[in-house]
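What follows is a short report on a single structure.
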Amino acid sequence: MHMIEHADSPRYVRLHEQDNVVVVVNDQGVAEGSRFADGLTVVEGIPQSHKVALVNIAKGEPVVRYGQVIGYALQDLVQGSWVKETQLAMPSAPALDSLPMSDAVPAALPPLEGYTFEGYRNADGTVGTRNILGITTTVQCVTGVLDHAVNRIRNELLPRYPNVDDVVALTHSYGCGVAINARDAYIPIRTVRNLARNPNLGGEALVISLGCEKLQAGQVMHEDDASVDLSEPWLYRLQDASHGFGEMIEQIMALAETRLKKLDQRRRETVPASALILGMQCGGSDAFSGITANPALGYASDLLVRAGATVMFSEVTEVRDAIYMLTSRAQTPEVAQALVREMDWYDQYLQRGEADRSANTTPGNKKGGLSNIVEKSLGSIVKSGSSAINGVLGPGERVTGKGLVFCATPASDFVCGTLQLAAGMNLHVFTTGRGTPYGLAMAPVVKVSTRTELAERWPDLIDIDAGRIATGRASIEELGWELFHYYLDVASGRQQTWAERYKLHNDITLFNPAPIT
21 MHMIEHADSP RYVRLHEQDN VVVVVNDQGV AEGSRFADGL TVVEGIPQSH
71 KVALVNIAKG EPVVRYGQVI GYALQDLVQG SWVKETQLAM PSAPALDSLP
121 MSDAVPAALP PLEGYTFEGY RNADGTVGTR NILGITTTVQ CVTGVLDHAV
171 NRIRNELLPR YPNVDDVVAL THSYGCGVAI NARDAYIPIR TVRNLARNPN
221 LGGEALVISL GCEKLQAGQV MHEDDASVDL SEPWLYRLQD ASHGFGEMIE
271 QIMALAETRL KKLDQRRRET VPASALILGM QCGGSDAFSG ITANPALGYA
321 SDLLVRAGAT VMFSEVTEVR DAIYMLTSRA QTPEVAQALV REMDWYDQYL
371 QRGEADRSAN TTPGNKKGGL SNIVEKSLGS IVKSGSSAIN GVLGPGERVT
421 GKGLVFCATP ASDFVCGTLQ LAAGMNLHVF TTGRGTPYGL AMAPVVKVST
471 RTELAERWPD LIDIDAGRIA TGRASIEELG WELFHYYLDV ASGRQQTWAE
521 RYKLHNDITL FNPAPIT
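For the sequence shown, my numbering begins at 21 and goes up steadily by one.
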C-alpha cells in the first residue's frame, strides 16, 4: 500500500502498483487545484474516500483498483479527475464453470500457542463467551407473551442470579403461514434449531410454542441433541393454559427460573484461544473498508487461525465478484467446489427475484466512494486474511471444524448476523465506514470504524479506530494484534463493547427463501 501521508497536505492511498485510480484520505476531501506530494493535481473538488484518476483513462479502458478491474470507462477520464460510479460500466460476474480450484493454497503459518481467554465450558465441547438464558419460539404468534415474560424475568428473577448475564428472547417471524415442506424451507428451520444451540446459551435454551403452528417444537429441539439439556422440562405451549394470560406468564417464569439456577452455577474457566468462534461482517461500507478495517480484521483472522480458532466470513454477494481469489485458496478441491455451489445457489435465488448482485450496493456505499459491487467485493474479502479456507457452511448450518470458514449468508446485516449466530458464533466483529449502531443480544459485537473521523464523531459507539492505518498512525499489523488481544479481552468479559454496554440489539432475522402461504 502506497500512501501520500503529509498530515497538512492532500493525501491519497494507492493499494497496488497496477492501480490507475487512488482514494482521497483527507477528512474534508481535496479542493480543485489541490496538488499531492507526487505532483498529481486534481482538476475538481473530490470528497474523502472517493477515487482520483492517476492517469488519463480512455473510454473503454479498464479502471483498476486492488490490482483488479473494477469497471470500464464509459467516457474519457482525465488525470486528476473524480472517478464516479456513473462513469463506469460494471464487469460481468466471473463464470463459475472455469474457476481456479485450490491451485494457490497458502502454506500453514506457524502455530500461535499460549493464548487463552476466560469462557464458559459447555457439555458439547463448545465454549461460551457469555452466560445467557435463551428462550426461543416456534412461531411469531407467541412473541408478545414471551416479550412480556422476559421483561418480568429480567426485572424480577435475573437479579437473584448474578452469574447470568442476560435473558434473551429468540423471536422471529417464521413458524406458520409458511410452506413448511417447500424445497428451501430447511434453511429457516435449521436456523431456528441452531440458534438455540449457540454456545453462549450454555445448552439451557427453552422453547415457547403456541401449539397449532406448522413448525413444531420437536423440529427445534431433538432428543438426541447433546448440545441442549432436555433432561428437565424445556417446552411450554400457550394453548395448554387453562387460566389465560396470567398462567402463561407464571409458567414461563417458572421454567426460566429452573434454568437460571443451573446457569448461575457456571463459572468462567481458562480455555485456549482455539475455543473462539469469531464471525466477521461489514456494514455501511465505504472505500476505506478495504484499506483499513478489513485488512486489519484479515491480519487478526490469520492470528486466530494460527491459534487454532474458528473464523467465519460471509455475505455471498460481497464475495461473488472475487470468488476466483477464494477458490484458489480453498484447502481442497471439495472446499472450492462447495464455494462454487453456494455462489451458484445464490445466483439462481437472485434470478428468481429478477435481481442480480448489483442490487447489493446502497446509497451510503456509493456516497462513501464505492462505485459498484465489484469494488465492494474486493474490499470485503480482505477481512478473510491470507489463510487457506478450510470449510463452507450453507445458510443455517452449524460449524464443526476449525480454521477459516466461509459461512454463506445474504449480505443483509441482520440476516448475516443471525445466520452466524446459528453457525455457533460466540463473538462478532463488525466493520463500518458510514456508521451503524448495530448490535446482537446473543453475542458481543466489536465495532471497528474504517475512518478516524467516524470514531471521533461516535466515540461511544466505535470500539476500535482502524482509520489510523490511513493516516499512518498505525500499521495493519499493529491493528491486527490490537484486535486479537481485544477479542480475547471481550470474550473473557474483561471488556464490554459499546453495543453490549448499551444493549443495542437488532432483531433476529431469518433467511426464508421458501414461499409464504
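Note that beta-carbon positions come from the ideal geometry of N, C-alpha and C, so glycine has one too.
Annotated as proximal: residue 393 and residue 340, with beta-carbon spacing under 9 Å. By the beta-carbon neighbour count (other beta carbons within 10 angstroms, threshold 16), residue 403 is buried. In this structure, the straight-line span from the alpha carbon of residue 479 to that of residue 521 is close to 13 Å.
The C-alpha of residue 224 lies about 21 Å from the C-alpha of residue 291. Under DSSP, the beta-bridge partners assigned to residue 302 are 451. A residue is called buried when at least 16 other Cβ atoms come within 10 angstroms of its Cβ; residue 173 meets this threshold and is buried.
Within the stretch 78-154, the runs of beta strand (DSSP E) at least 3 residues long that lie entirely inside it are, in chain order, 82-85, 88-93, 136-141.
Between residue 486 and residue 466, the C-beta spacing is not below 9 Å. Partner residues in the beta bridge of residue 423, as assigned by DSSP, are 330.
Judged by DSSP in its simplified three-state form, residue 400 adopts helix.
The beta carbon of residue 90 lies closer than 6 Å to those of 83, 394, 395 in the same chain, with the five residues before and after it left out. Here residue 374 is exposed: its Cβ has fewer than 16 other Cβ atoms, across all protein chains shown, within 10 Å. Bounds of the beta strand (DSSP E) holding residue 290 are 289-292. The Cβ atoms of residue 258 and residue 161 lie closer than 9 Å to each other. Taking 9 Å as the cut-off, the beta carbon of residue 428 is found no closer than this to the beta carbon of residue 321.
Where residue 170 is concerned, the enclosing alpha helix (DSSP H) starts and stops at 163-172. Under DSSP, residue 439 forms no beta bridge with any residue.
Here residue 353 is exposed, its C-beta having fewer than 16 other C-beta atoms within 10 Å. Shortest Cα-Cα distance from residue 449 to any of 502, 317, 370, 494 involves 317. Here the C-alpha atom of residue 261 lies approximately 42 Å from the C-alpha atom of residue 456. With fewer than 16 other CB atoms across the displayed protein chains lying within 10 angstroms of its CB, residue 55 is exposed.
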